[in-house]
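*Asks:*
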Amino acid sequence: MQARPAPSRIHQEIIFELTLVIGNYIKQNNKLCKIYTAPFDVVLVEEGHDEKQAINVVQPDISIICDKKKLTERGCVGAPEMIIEVVSESNSSHEYIRKLNLYTQFKVKEYWIVNPNNQTILVYRLKDNEEDYLPPVAYTFSDAVKVGIFEDLIIDFAQIKEVL
């Protein structure tokens, strides 16, 4: 059996830096949220079903969960408040199409797609009615990006770019 290649060093650096910034913010501001990195199961359950019937299980690069009732020994059951995916060479269409549709369907409040190859960040946020995402906002690794689920967290990608 052939193992999938490990993510690139840059992929891992970006995840580490984002987790560090967001995790420090959560801790310093006494937020009731938790941050997890892959491998960490997020079980997306259809309405009227239970966890055992779920067919949509993903392992996002970064998951931020603020509703502790969603946390189990195995992971998260239900949509996290925010998911960040860092694109790999082998999975870009997966992040842009399948996961975007899945996260829209299950109402993840905020979804970021970070692409180290072209140094862009696409930010999707649910509309107020929470039925669909607003049009995505595109940023580059030179920009500071506001995290919508928190009132005052801004991530400066220029600083992250410096350590890559």
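Residue 159 is where the sequence shown ends in my numbering, and the numbering goes up by one at each step. Positions of the beta carbon are idealized from the N, C-alpha and C atoms, including for glycine.
Quick one: what's got a C-beta closer than 7 angstroms to Tyr91's C-beta in the same chain, skipping five residues either side?
*Replies:* If we look at Tyr91 and ignore the five residues flanking it on each side, its Cβ neighbours are Ile108.
*Asks:* Just to confirm the assignment, what range does the alpha helix (DSSP H) spanning Tyr21 have?
*Replies:* It should be pointed out that residue 21 corresponds to Ile in this sequence rather than to Tyr. Counting along the chain, the alpha helix (DSSP H) containing Ile21 begins and ends at Arg4 to Gln23.
*Asks:* Helix, strand or coil for Thr115 per DSSP?
*Replies:* Looking at Thr115 - three-state DSSP - the assignment turns out to be strand.
*Asks:* Are there three or more Cβ pairs, one per stretch, closer than 8 angstroms when the region 48 to 58 is compared with the region 14 to 33?
*Replies:* Yes, they touch.
*Asks:* Check the C-beta distance from Tyr220 over to Leu97 and give it rounded, since I have them as a contact under 8 angstroms.
*Replies:* Past the edges of the chain, shown from -4 to 159, lies residue 220, and the structure says nothing about it.
*Asks:* Between which residues of its own chain and Ile149 is the CB-CB distance below 6 angstroms, once the five residues before and five after are set aside?
*Replies:* Closer than 6 angstroms at Cβ, skipping near neighbours: Ala139 and Lys141.
*Asks:* Might you give, ordered along the chain, the residues of its own chain that have their beta carbon closer than 6 angstroms to the beta carbon of Pro34, omitting 5 neighbours on each side?
*Replies:* Excluding sequence neighbours, Pro34 sits near Gln54.
*Asks:* Taking Cβ to Cβ, would you say Leu117 is nearer than 8 angstroms to Pro131?
*Replies:* Their beta carbons are under 8 angstroms apart, which means Leu117 touches Pro131 by this criterion.
*Asks:* Hey, could you find the ends of the alpha helix (DSSP H) Leu95 is sitting in?
*Replies:* Note, Leu95: alpha helix (DSSP H), Leu95 to Gln100.
*Asks:* Could you give the distance in angstroms between the alpha-carbon of Arg93 and the alpha-carbon of Asp45?
*Replies:* Each residue's Cα considered, the two are about 22 angstroms apart.
*Asks:* Taking Cβ to Cβ, would you say Asp36 is nearer than 8 angstroms to Gly73?
*Replies:* Cβ atoms of Asp36 and Gly73: not closer than 8 angstroms.
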